[in-house]
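In the working numbering, the protein residues as written are 58 to 141.
To keep things clear, I will list the structure first and then write my remarks on it.
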Amino acid sequence: MPIVIDLDVQLARKKMSVQEFADAIGITPANVAVLKNGRAKAVRFTTLEAICRVLECQPGDILRWTADDAAATAAADADTEGAA
Numbered sequence: 058m059p060i061v062i063d064l065d066v067q068l069a070r071k072k073m074s075v076q077e078f079a080d081a082i083g084i085t086p087a088n089v090a091v092l093k094n095g096r097a098k099a100v101r102f103t104t105l106e107a108i109c110r111v112l113e114c115q116p117g118d119i120l121r122w123t124a125d126d127a128a129a130t131a132a133a134d135a136d137t138e139g140a141a
C-alpha cells in the first residue's frame, strides 16, 4: 500500500507502550497493531487527530507516501515508451 503509517519512531520518542497508546487514543491494542503493521485500509480523521494529540506530532510525521510497486512499474514503462 502506498501510504505508510510510521508509529514506531513516535512511540519510542514518547516512550509509550502500545497499550498506553491505545488507551490514550481510544482504540484497541489490536487496532494499533493493524496501523503499525500496514494492514489498515483507512484511518478516521478523529483517530488521526487523537494520534497527533497524544504523540504531539503532525500528520506528516506519521504518514508517508511510497510508490506502489505496480504504480512504479507502470510509470517506468510509460517513461520508456515516451522516450522511444
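A virtual CB, placed ideally from N, CA and C, is assigned to each residue, including glycine.
Check, Outcome
"Can you say whether Gln-76 is buried or exposed, counting buried as having 16 or more other CB atoms within 10 angstroms of its CB?", "exposed"
"Leaving out the 5 sequence neighbours to the left and right, which residues in its chain are closer than 6 Å to Arg-70 when beta-carbon positions are compared?", "none"
"Give the secondary structure of Ile-84 by DSSP, where H, G and I count as helix, E and B as strand, and everything else as coil.", "coil"
"Just the C-alpha distance for Ile-119 and Arg-96, rounded to the nearest angstrom, thanks.", "15 Å"
"Just mark Phe-148 as buried or exposed, buried being the case when its beta carbon has 16 or more other beta carbons within 10 Å.", "Lying outside 58 to 141, the shown extent of the chain, residue 148 is not represented and no answer is given."
"Report yes if the C-beta distance between Ala-99 and Val-89 is below 8 Å; otherwise report no.", "no"
"Go ahead and pull the three-state DSSP assignment for Val-100.", "coil"
"Roughly how many angstroms separate the alpha carbons of Gly-83 and Ala-107, rounded to a whole number?", "8 Å"
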